[in-house]
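Residue numbers (this note's numbering): 369 to 528.
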Amino acid sequence: MNNIPLFFLYPSAIFVTKQPYIINTILGSCVAVCMWDKVLKFGGINHYMLPFWNGQGLASPKYGNIAIEKLIEKMIGLGSNKKNLIAKVFGGGEIIETQQNIFNIGERNIKLAEEILFKENIPIKSLSVGGNMGRKIIFYTFTGEIRQKYIINRGEKVIE
369 MNNIPLFFLY PSAIFVTKQP YIINTILGSC VAVCMWDKVL KFGGINHYML
419 PFWNGQGLAS PKYGNIAIEK LIEKMIGLGS NKKNLIAKVF GGGEIIETQQ
469 NIFNIGERNI KLAEEILFKE NIPIKSLSVG GNMGRKIIFY TFTGEIRQKY
519 IINRGEKVIE
């Protein structure tokens with residue numbers, strides 16, 4: 369596996385390839401949907417920050433409803449049949465104790481992924497979501513395997 373290229377997926381991005389890749393990303397309240405074609409044996413991933421695009425400005429994959437739709441389109445564009453796709457969903461943790469938690473961004477990101485994938489009839493094979501820890505995921509596009517490491521928020525210590 370030493371000659372398989374590595375790729376770091378930043379927030380608001382999508383990566384789909386028929387070539388073998390090892391894709392890494394880091395998630396807090398963001399969600400990543402990994403999609404794998406179980407027949408053609410290739411995959412793709414998105415990393416979105418917020419659940420819904422409000423219709424103003426650019427329809428960016430920063431938003432889950434755009435990111436998931438575009439991921440499905442790109443998989444089909446490379447030859448996938450939707451009935452052969454499976455999904456794995458990660459992230460959506462509430463890792464920072466702030467007033468922003470009242471917006472439940474992580475929880476809303478998770479719910480959106482579940483709803484869209486259900487509507488699109490794409491089964492979720494595995495789910496590691498929520499909680500109060502971040503996650504690092506490593507996606508092997510050529511096998512569909514995903515490894516996950518939890519990132520523990522150790523807090524901040526103030527020294528005066």
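All C-beta atoms in this analysis are idealised placements derived from N, C-alpha and C, irrespective of residue type, glycine included.
Owing to the predicted nature of the structure, the values given are computational and were not obtained by experimental measurement.
Uninterrupted beta strand (DSSP E) stretches at least 3 residues long and entirely within the segment 421 to 484 occur at 453 to 459, given in chain order. CA-CA distance, A435 to L495, rounds to 18 Å.
Straight across, the Cα-Cα distance linking W404 with G445 is about 14 Å.
For S496, the enclosing beta strand (DSSP E) starts and ends at 492 to 497. For a cut-off of 8 Å, the C-beta gap from I440 to G460 is around 19 Å, too long to register as a contact. For G474, the number of other beta carbons within 10 angstroms of its own is at least 16, and it is reported as buried.
Comparing C-alpha distances from P388 to each of R515, F507, Q516, I520 shows the shortest one belongs to F507. The beta carbon of L374 sits closer than 6 Å to those of I390, all from its chain and outside the five residues before and after it, given in chain order.
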